[in-house]
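Heads up: the structure comes next, in C-alpha cells.
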Amino acid sequence: MVVELNHSLTSVIPESALLILIGWILGGIIYGADKMQTFTLTPTVFFFYLLPQVILDAGYFMPNKLFFSNMGAILVYAVIGTCWNAATVGLGLWGCWLGGAMGDIDIGLLQFLLFGSLIAAVDPVAVIAVFEEVHVNEVLFIMVFGESLLNDGVTVVLFNVFDAFVSLGGAEIDAVEIIKGIISFFVVAFGGSLVGIIFALLISLLTRCTKNIQIIEPGFIFILGYLSYLTAEMLSLSAILSIVFCGICCQKYINANMDERSVTTVRYVMKVFANGSETIIFVFLGISAIDPAVWVWNTGFILLTLLFIFVFRFIGVFLLTWILNKYRLVPLEFIDQVVMSYGGLRGAVAYGLVAMLDENKFKEKNLMVSTTLIVVYFTVMLQGITMKPLVTWLKVKRAAVTELTLAEKIQNRTFDHMLVAIEDISGQIGHNYMRDKWHNFEERWLCWFLMKPSARKSRDYIFNIFHQLNLKDAMSYVKEGERRGSLAFVRNETKADVDFNKKFRASFSEIMPDIMADNMGPDHVPLSSILQDIVPSVCLVMHEQDLTMRESEDFNAHHLLQQHLYRGRKQHRHRYSRSHLETNRDENEVQEIFQRTMRSRLESFKSAKMGVAPAKKIQTKHQKKDKPQKMPNGNSSDKSKNHPYGDKGTCSLLFTSLLHYMKWLNACFELIITLESAVDFVVRL
Amino acid sequence: MHIVIKLFGVPLSCPITNSMNIWFSCFLFIIVTPAHIVRLYDRFEALDKEKTGHLRPQDFGAINRLAMNPIGDRIIGAFFSPGQETVDFHSFVRILAHFRPADKKHPKDPSMPEPVNSRTSKLKFAFQLYDQDKDGKISRAELLQVLRSMLEMQVTEEQLESIADRTIQEADLDNDDAISFEEFRKSLEKVNIDHKMSIRFLR
Chain Y
1 MVVELNHSLT SVIPESALLI LIGWILGGII YGADKMQTFT LTPTVFFFYL LPQVILDAGY
61 FMPNKLFFSN MGAILVYAVI GTCWNAATVG LGLWGCWLGG AMGDIDIGLL QFLLFGSLIA
121 AVDPVAVIAV FEEVHVNEVL FIMVFGESLL NDGVTVVLFN VFDAFVSLGG AEIDAVEIIK
181 GIISFFVVAF GGSLVGIIFA LLISLLTRCT KNIQIIEPGF IFILGYLSYL TAEMLSLSAI
241 LSIVFCGICC QKYINANMDE RSVTTVRYVM KVFANGSETI IFVFLGISAI DPAVWVWNTG
301 FILLTLLFIF VFRFIGVFLL TWILNKYRLV PLEFIDQVVM SYGGLRGAVA YGLVAMLDEN
361 KFKEKNLMVS TTLIVVYFTV MLQGITMKPL VTWLKVKRAA VTELTLAEKI QNRTFDHMLV
421 AIEDISGQIG HNYMRDKWHN FEERWLCWFL MKPSARKSRD YIFNIFHQLN LKDAMSYVKE
481 GERRGSLAFV RNETKADVDF NKKFRASFSE IMPDIMADNM GPDHVPLSSI LQDIVPSVCL
541 VMHEQDLTMR ESEDFNAHHL LQQHLYRGRK QHRHRYSRSH LETNRDENEV QEIFQRTMRS
601 RLESFKSAKM GVAPAKKIQT KHQKKDKPQK MPNGNSSDKS KNHPYGDKGT CSLLFTSLLH
661 YMKWLNACFE LIITLESAVD FVVRL
Chain H
686 MHIVIKLFGV PLSCPITNSM NIWFSCFLFI IVTPAHIVRL YDRFEALDKE KTGHLRPQDF
746 GAINRLAMNP IGDRIIGAFF SPGQETVDFH SFVRILAHFR PADKKHPKDP SMPEPVNSRT
806 SKLKFAFQLY DQDKDGKISR AELLQVLRSM LEMQVTEEQL ESIADRTIQE ADLDNDDAIS
866 FEEFRKSLEK VNIDHKMSIR FLR
C-alpha cells in the first residue's frame with residue numbers, strides 16, 4: 001500500500017528492496033520487544049508454503065513459444081552456467097582461504113563447494129521483482145527468467161551431493177561417487193519435469209470433464225499444482241522444475257477447456273497468491289536479518305564472496321554467450337549480455353537452502369548465513385536500484401524528441417504492420433522442422449485427448465469466428481431495430497437518427513415483411529448491404545465539426561491517429577508483470593481487423609471462381625444451424641440458475657418474462673437465418 | 686526444368702521456370718544467404734499446398750495471422766507483379782530480401798545495381814503498398830484507403846478525410862495534391878528505415 005501511494009518511489013527503488021527495508025524495521029521492532037527474533041524465515045515455511053505459488057504463477061504465465069524457442073540457450077545458462085558459477089566461487093573461496101585471506105575458520109573444500117553451489121543460483125523471485133520495473137526486451141527477459149527457473153534442478157542436485165559428501169567426509173569420495181552425483185542430476189532434473197508434465201496432463205483431463213462443476217474448476221488447478229510440487233519433493237526430485245513444467249504445459253489446455261469466468265478467476269487468484277507470497281518472502285528476509293545470534297562477521301569471506309559471484313557471473317555469461325552466438329539465429333548482443341550478467345540476482349532460495357544446513361556438520365553455518373543475507377541484500381537492493389539507470393544508460397542515446405509528423409506516424413504504424421505480415425509469411429523466427437512436427441503431433445493427438453470437443457471445434461475453423469462476429473453484428477442490428485421501431489442502424493447518438501428513421505422507415509417496412517415471408521426473389525438486396533451503404537451518408541450529414549481553427553484541426557488529426565490506429569504486434573513488449581494483468585484490448589482490435597479482412601475477401605470471392613464460395617458457405621451454414629439451438633439452451637440454463645433464489649411470485653414473473661424473451665430470441669434467430677440465406681442467394685448469383 | 690543446387694553437400698532440388706537461368710540463381714545467393722534459402726524454400730513448400738511450384742493469393746490467405754493484419758491483403762498483393770497470378774520461389778525470395786538488414790560493412794559500389802535491401806529499395810516497396818494503381822503518386826483516394834484500413838471503425842469518414850488532407854499537405858511540396866516518391870522519401874528522412882523494415886533472421 002505504501003508502495004502504491006508513491007509510485008514514483010517504486011520506479012526508482014524496486015518493490016523488493018522497499019519490502020526488505022520494511023522487514024528490517026519490523027524485525028527491529030520485534031527484536032526490541034522480545035529481545036530475540038521470534039520470526040525468521042524457516043526453510044519449511046519458505047519451501048512449502050511460500051515458494052510454490054510464486055513458481056506456479058511463473059509457469060502458468062510463461063510465454064511458451066518464446067520459452068521453448070530459446071530453450072537451448074536457457075538450458076545452457078541454467079545448467080552449465082550454474083555449475084560454472086558454483087565451481088568457480090567455491091574454488092575461488094577455497095583458494096583464498098588457503099591463502100589465509102579469511103583468517104582462521106573451521107571449513108574445508110567440500111563446504112566451500114557446497115556454499116558455492118547454493119549461492120550460485122539465480123533466484124526467480126528476485127528476478128521477477130526487479131525486472132518488472134525495467135522493461136527489457138522479451139528475449140533478454142526470458143533468458144534470465146528461464147535460467148532462474150531451470151537452475152533449480154542443478155542447485156538441488158549440487159546441494160544434495162555436496163551435503164552427502166560432507167557427511168561422508170573427504171576421504172570416501174572417489175570416482176564412483178562423482179559419477180553417482182552426475183547421474184543423480186539427470187534423474188532429479190528429468191524426473192522432476194516428468195512429474196510436472198504428468199500433473200499437467202491430469203489437470204487438462206480434469207478440466208475437460210468439469211463442465212457441470214465449473215465453479216470449483218479453479219480450485220483444482222491450484223490443488224493439483226501444489227500436489228505436483230509435493231510429489232516431486234516427496235520423491236526427492238526437483239520440486240521447482242515439477243511445478244514449473246506443470247504450469248507451462250497445462251496453460252494452453254485449461255485456458256481452452258475452462259469457462260471464461262474460471263479462467264479469469266484462476267488468473268487473478270494466481271496473481272494474488274504470488275504477490276502475497278513474494279511480499280511475505282521479502283519482508284521475512286528483512287526480519288531474519290535483525291537477529292544478532294546469527295551474525296558472524298568475517299570481512300574476507302564476505303567481501304570475497306561478493307566479488308567472486310559478481311566477477312564470475314560476468315565471465316560465465318560472456319563465455320557462454322560467445323559459444324552460443326555461433327549457433328543462434330538471432331545473436332545476443334553485447335548490451336544484452338551485460339544486462340544478463342548484472343541481472344543475476346540471488347534471493348530467498350539461497351537463504352532457504354543455507355538455513356537448512358546442519359549446524360553440527362557445518363561449524364561455520366552462521367557465517368554462511370550472514371554472508372548469504374548480505375549477498376541477497378546486495379544483489380536485490382543495490383543491483384535492483386541501479387538496474388534501471390544502467391539499462392537506460394547503456395542504450396544508444398536517442399535523438400531529441402520532436403513531434404512526429406502525421407505522415408511519419410502513419411508510416412511507422414504501417415511499417416509495424418508490414419513487418420508483422422512479412423514475419424508471418426516467411427514463417428516465424430527460428431522456424432524449423434522439429435517445431436512443425438511437434439505442432440502436427442499436438443494438433444492431432446494432444447488436442448483430441450486433452451481438450452473438450454467444443455473447445456477443439458472452435459479452434460479449428462476461422463470462419464466459425466467470422467460467423468460468430470456476424471451473428472453478434474446481426475443481433476445488435478435487430479436489437480436496435482426493435483428498440484427504435486424499425487431496423488434503423490445507427491452508430492452515433494445524434495439528431496441524425498431521427499432523419500434516418502423518417503427517411504428510411506418506409507423502405508424498410510417494405511423490405512422487412514418480404515424477407516419475413518421468406519419470399520426470395522432475385523431483386524431482394526440483403527439488408528446488411530443496405531445498412532452499410534446508408535451509414536456513410538448519414539455520418540457525413542450529421543457531423544458539424546468546427547473546421548475553422550487550423551490548430552484545433554491539426555490537434556484533432558494527431559489525437560485521432562494516436563487513439564485509433566491499430567496497434568501492431570509489438571515485438572518488444574514486456575509480457576510478464578506481477579501486478580498488471582494485460583487487459584485484452586487486442587482482442588477487440590483483432591476481431592475488428594479480422595471482420596474487415598474477411599468481409600473484403602468475401603467481396604472478392606463473389607467475383608472469383610464460384611467453386612470456392614459455396615463450399616465455404618455451406619460449411620459455415622451447418623455450424624450456424626447448430627448455434628441457434630445452442631444459444632437458447634445456454635440462455636435458458638442461465639436464467640434457470642437464478643431461479644432457486646427467488647420466491648414464488650417472482651418465479652412466475654421470471655417465467656413469463658423468460659417466455660417472452662425466448663419467443664423474441666427465436667424470432668430474431670429466424671430473421672438472422674433468413675438474412676444469411678438471403679446473403680447466400682445473392683452470393684450465388 | 687529442375688536445378689539441383691548443392692547446399693552444404695545436400696542436394697536440394699528447386700523447380701525453376703524457363704525464364705530463369707543459372708546466373709539468376711546465383712543472384713539469389715547474393716541477396717540471401719544459402720542457409721536462409723533452404724529455410725525459405727521449406728516455407729514456400731509449406732505454403733504451396735498443391736505442390737504446383739507457384740503460390741497463389743489463396744495460399745497466402747491460408748496464413749491465419751494475415752487475416753488479422755490491417756494491411757495483410759496489400760502485402761499479399763505486393764508479392765504479385767502486375768498482371769501475374771502466381772509467384773514463384775524466385776520472386777518470393779526477392780520480395781522477402783527487401784527486409785534484409787542493410788549491409789553496413791561493405792562500402793557501396795556505385796557500378797553495381799542498387800541492392801534489394803538498400804534504403805531506397807525499401808522505401809520503394811513501402812511506396813508501392815500505398816500506390817495501388819502504380820502511377821508513381823499516392824493520390825488522396827489511395828491514402829484514404831490505407832487510412833481506412835488502419836484506423837478503428839469508430840473513426841468517421843469526415844475525420845478520415847481531414848487526416849488524409851493534412852497528411853498530403855504536410856508532405857506535398859509541389860502542390861499537386863498527391864505524394865510522389867521523392868516527396869515520400871523526403872517526409873521520411875528522419876525515420877531509420879533500416880531498423881523499421883528489417884527482420885533480423887534474414888541477416
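Protein chains in written order, with the working numbering: chain Y, 1 to 685; chain H, 686 to 888. Note that beta-carbon positions come from the ideal geometry of N, C-alpha and C, so glycine has one too. Model, not experiment: these values are computed from the prediction.
The closest CA to that of Y:E589, considering only H:A849, H:L781, H:M835 and H:D857, is found on H:M835.
Where H:S776 is concerned, the enclosing alpha helix (DSSP H) starts and stops at F774 to A782. Assignment of beta-bridge partners to H:H739 by DSSP yields H:D773.
H:S865 has its alpha-carbon roughly 11 Å from the corresponding atom of H:Q813. Interface criterion met: the Cβ of H:S872 is under 9 Å from a Cβ in chain Y. The alpha carbon of Y:R328 has as its nearest neighbour, out of Y:N70, Y:V54, Y:K35 and Y:L56, the alpha carbon of Y:N70. Per DSSP, Y:S288 is not a residue of any beta strand (DSSP E); the alpha helix (DSSP H) it occupies stretches across E260 to A289. For Y:G352, the closest of Y:M36, Y:F131, Y:D123 and Y:L56 by C-alpha to C-alpha distance is Y:D123.
Secondary structure of H:K875 (DSSP, three-state): coil. In the three-state reduction of the DSSP assignment, H:K822 falls in the strand class. Of Y:S426, Y:Y226, Y:I287 and Y:I223, the smallest CA-CA separation from Y:L19 is found for Y:I287. At least one CB atom of chain Y sits nearer than 9 Å to the CB of H:I748. By the 16-neighbour rule on beta-carbons within 10 angstroms, Y:W84 is buried. Approximately 6 Å separates the beta-carbon atoms of Y:V127 and Y:V144; this is inside 8 Å, confirming the contact. At least one C-beta of chain Y is nearer than 9 Å to the C-beta of H:A752. The straight-line gap separating the alpha-carbon atoms of Y:V354 and Y:A256 is approximately 41 Å.
The beta-carbon distance between Y:I374 and Y:G28, rounded to whole angstroms, is 17 Å. This is too long to meet the 8 Å contact definition.
Interface criterion not met: the Cβ of H:R779 is under 9 Å from no Cβ in chain Y.
In this structure, the CA atom of Y:V380 is about 17 Å from the CA atom of Y:L149. Taking C-alpha positions only, Y:A274 is separated from H:D733 by approximately 47 Å. Interface with chain H (9 Å Cβ-Cβ cutoff): Y:H417 is included. The distance from the Cβ of H:M753 to that of Y:I593 is about 5 Å, consistent with a contact at the 8 Å cut-off. Of the residues assessed, Y:R313 falls on the buried side of the cut-off, its CB having 16 or more other CB atoms within 10 angstroms. What Y:V317 touches in chain H, judged by beta-carbon distance under 8 Å, is nothing: the nearest beta carbon there is about 21 Å away. Boundaries of the alpha helix (DSSP H) harbouring Y:S69: N64 to S69, taken from the DSSP string. In the same chain as Y:P218, and ignoring 5 residues on each side of it, the C-beta atoms closer than 7 Å to its own belong to S262, T265, V266 and V269, in chain order. With a 10 Å radius around the Cβ and a threshold of 16 neighbouring Cβ atoms, Y:M36 comes out exposed. Nearest neighbour of H:M882 by Cα position, chosen from Y:S370, Y:L419, Y:Y477 and Y:Q562, turns out to be Y:L419.
Interface criterion not met: the Cβ of Y:L113 is under 9 Å from no Cβ in chain H. The Cβ atoms of Y:S228 and Y:A189 lie no closer than 9 Å to each other. Under the three-state reduction of DSSP output, Y:A293 falls in the coil class, being neither helix nor strand.
Between the region 182-197 of chain Y and the region 237-252 of chain Y there are three or more inter-stretch CB-CB distances shorter than 8 Å, so the stretches are counted as touching. Here DSSP, grouped into helix, strand and coil, assigns Y:L565 to strand. Setting aside the 5 residues that flank it on each side, Y:F159 is surrounded in the same chain by L114, S117, L118 and L353, each with a C-beta closer than 8 Å to its C-beta; the list follows chain order. Rounded to whole angstroms, the separation of the alpha carbons of Y:T392 and Y:Q337 is 15 Å. In terms of CA proximity to Y:L671, Y:V478 leads the group Y:V478, Y:M598 and Y:Q595.
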